[in-house]
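A.B. asks:
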Amino acid sequence: MKARVTRVVQFNAVHRLHSPALSDAENARIYGKCNHPNGHGHNYVVHVTVEGEVDPTTGMVMNFFDLDAILGREVIERFHCRSMDESLREFGGPVSTAENIARAIWRILDGKLGPGRRLRRVAIGETLKNSAEFDGDEISIGA
Amino acid sequence: MRISRKLHFCAGRRYRVPGLDEGENARLFGPSTRAPGHGHNFTCEVVVAGAVDPTTGMVMNLTDLDAAMKDVIEPLDHKMLHLDIAHFREVVPTDENLAIYIWDQLKGRLPAGCRLARVRLYEDPLHYAEYAGDEGAA
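Residue numbers (my numbering), protein chains in the order written: chain B, 193 to 335; chain S, 2 to 139.
Rendered as structure tokens:
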């Protein structure tokens, strides 16, 4: 039987929405207060969904202890109390929208979850009012 | 009677005591002293105490409370607190100091007969600091 499990982790980071492809005036118009020069920050909430067969012995798709260890190493240590803009530089420095953060975390976790399992969804909650979900339908990280 | 109102804001901050070296700041604040900082979705909950007006049935009109809170809190929204807010260039922008700052800014903006009873400043749903005015040595 196939099932999906989801684990939620949280980290706190700063960011600024600013695209080098746009003029300062366009950045200000498009991103509004999120373009403020010194940046601002959020409690980011990450929902990671893993799909796989339910192990008949353990009753689990994936042990949450194992998933937590991966999320701690790959997500929390990388992003917590840091700048999202700097952390995303290795992915081409895309604007640190929730969409681009979801795609970056997808790329970080994809293929690291063990045999027989696949990453099904990465969702980023930026505030209580907005979030982005990525199901891996395209892997390239846009600028 | 007491009424309360919440307002949300998002901001970044860095914990750093200017007079201390990096090692001391790291010992005191851990990852929270890292440059350029970290951020939160803050919630500020304000409690106002007063008598219920027999005509309006209100302690204070929530629209007026909302306006007073926005005057104080909106300047903090989408800012880096330790860089953009003059007060927090001198004072570490902890939850405690944010609650005290909002209290001090807000208390003079309430109508006669109403008293600021409490300011609670949440950095996330699990952690907050609360200030109810100078409670002396208690």
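Beta carbons: idealized from backbone N, C-alpha and C, even for Gly.
All values reported here derive from a predicted model rather than from experimental measurement.
Counting C-beta neighbours from all protein chains within 10 Å, is the total for A12 (chain S) 16 or more, i.e. buried, or is it exposed?
C.D. replies: Numbered from its first residue, the second sequence carries residue 12 (chain S) at position 11. It counts as buried.
A.B. asks: What do you get for A100 (chain S), buried or exposed, if any count of 16 or more other CB atoms within 10 angstroms of its CB means buried?
C.D. replies: Taking the first residue of the second sequence as 1, we reach residue 100 (chain S) at position 99. It is buried - the Cβ of A100 (chain S) has at least 16 other Cβ atoms within 10 Å.
A.B. asks: Using 7 Å as the cut-off, classify the Cβ of T56 (chain S) as near or not near the heavy atoms of the ligand HEM, replying yes or no.
C.D. replies: As far as ligands go, the structure on display features none, and thus does not contain the ligand HEM.
A.B. asks: Which chain B residues sit within Cβ distance under 8 Å of P76 (chain S)?
C.D. replies: Here residue 76 (chain S) refers to the residue found at position 75 when the second sequence is read from its first residue. Going along chain B, no residue has its Cβ under 8 Å from P76 (chain S), so there is no contact; the nearest lies around 11 Å.
A.B. asks: If you run the structure through DSSP and keep just helix, strand and coil, what is T44 (chain S)?
C.D. replies: Residue mapping note: residue 44 (chain S) aligns to position 43 of the second sequence, counting from 1. Correct three-state label for T44 (chain S): strand.
A.B. asks: Using a threshold of 8 Å, state whether the C-beta atoms of E124 (chain S) and F43 (chain S) are closer than that.
C.D. replies: Your numbering for residue 124 (chain S) matches position 123 in the second sequence. Your numbering for residue 43 (chain S) matches position 42 in the second sequence. Cβ atoms of E124 (chain S) and F43 (chain S): closer than 8 Å.
A.B. asks: For R28 (chain S) and P229 (chain B), what's the separation of their Cα atoms in angstroms?
C.D. replies: Within the second sequence, numbered from 1, the residue matching residue 28 (chain S) stands at position 27. Within the first sequence, numbered from 1, the residue matching residue 229 (chain B) stands at position 37. Whole-angstrom Cα-Cα distance: 29 Å.
A.B. asks: Would you say the stretch 312-323 of chain B touches the stretch 81-97 of chain S, given that touching needs at least three Cβ pairs under 8 Å?
C.D. replies: Touching, no.
A.B. asks: Any C-beta of chain B within less than 8 Å: which residues of the stretch 55-89 of chain S qualify?
C.D. replies: Cβ contacts with chain B come from D78, H79, K80, M81, L84 and D85.
A.B. asks: By the 8 Å beta-carbon criterion, what residues does the stretch 197-210 of chain B contribute toward chain S?
C.D. replies: Of all residues in the stretch 197-210 of chain B, Q202, N204, A205, V206 and H207 have a Cβ within less than 8 Å of some Cβ in chain S.
A.B. asks: If you pair each beta-carbon of the stretch 46-66 of chain S with each one of the stretch 2-10 of chain S, do three or more pairs fall below 8 Å?
C.D. replies: The stretch 46-66 of chain S, when compared against the stretch 2-10 of chain S, does touch it at the 8 Å Cβ threshold.
A.B. asks: Look at the alpha carbon of N255 (chain B) and the alpha carbon of D72 (chain S), and state the distance between them as a whole number of angstroms.
C.D. replies: As a position in the first sequence, residue 255 (chain B) is number 63, starting the count at 1. As a position in the second sequence, residue 72 (chain S) is number 71, starting the count at 1. Those two C-alpha atoms are separated by around 48 Å.
A.B. asks: Please give me, in chain order, every unbroken run of the beta strand (DSSP E) with length at least 3 that falls completely inside the stretch 73-99 of chain S.
C.D. replies: Counting whole runs of 3 or more residues, the stretch 73-99 of chain S contains no beta strand (DSSP E) stretch at all.
A.B. asks: Consider the Cβ of A12 (chain S): report whether some Cβ of chain B lies at a distance smaller than 8 Å.
C.D. replies: Within the second sequence, residue 12 (chain S) is the residue found at index 11, counting from 1. By this cut-off, A12 (chain S) is an interface position.
A.B. asks: Closer than 9 Å between beta carbons: that is the criterion. Which residues of the stretch 13-37 of chain S meet it against chain B?
C.D. replies: Residues passing the 9 Å Cβ filter: G13, R14, R15, G31, P32, S33, T34, R35, A36 and P37.
A.B. asks: Can you check whether the C-beta of N42 (chain S) is within less than 8 Å of a C-beta belonging to chain B?
C.D. replies: Position 41 of the second sequence, counting from 1, holds the residue named residue 42 (chain S). It does: the Cβ of N42 (chain S) has a partner Cβ on chain B nearer than 8 Å.
A.B. asks: Skipping 5 residues on each side, what residues in its chain have a beta carbon closer than 7 Å to that of A290 (chain B)?
C.D. replies: Position 98 of the first sequence holds residue 290 (chain B). Contacts found: I316, E318, N322, S323 and A324.
A.B. asks: Hey, is H39 (chain S)'s beta-carbon within less than 8 Å of any beta-carbon in chain B?
C.D. replies: In the second sequence, the residue the question calls residue 39 (chain S) occupies position 38. True, the Cβ-Cβ gap to chain B drops below 8 Å.
A.B. asks: Could you please give me the residues that DSSP links to G51 (chain S) through a beta bridge?
C.D. replies: The residue labelled residue 51 (chain S) in the question sits at position 50 within the second sequence. For G51 (chain S), which the question treats as bridged, DSSP gives the partners S:C115.
A.B. asks: List the residues that DSSP assigns as beta-bridge partners of C11 (chain S).
C.D. replies: Stepping through the second sequence from its first residue, residue 11 (chain S) is reached at position 10. In DSSP, C11 (chain S) forms a bridge with S:N42.
A.B. asks: Give me the Cα-Cα distance between A139 (chain S) and V200 (chain B), rounded to the nearest whole angstrom.
C.D. replies: Indexing the second sequence from 1 puts residue 139 (chain S) at position 138. Indexing the first sequence from 1 puts residue 200 (chain B) at position 8. Confidence at A139 (chain S) is low in this model, with a pLDDT of 43, below 50, so the placement of that residue should be treated as unreliable; the coordinate-derived value is given next. In a straight line, the C-alpha of A139 (chain S) is about 40 Å away from that of V200 (chain B).
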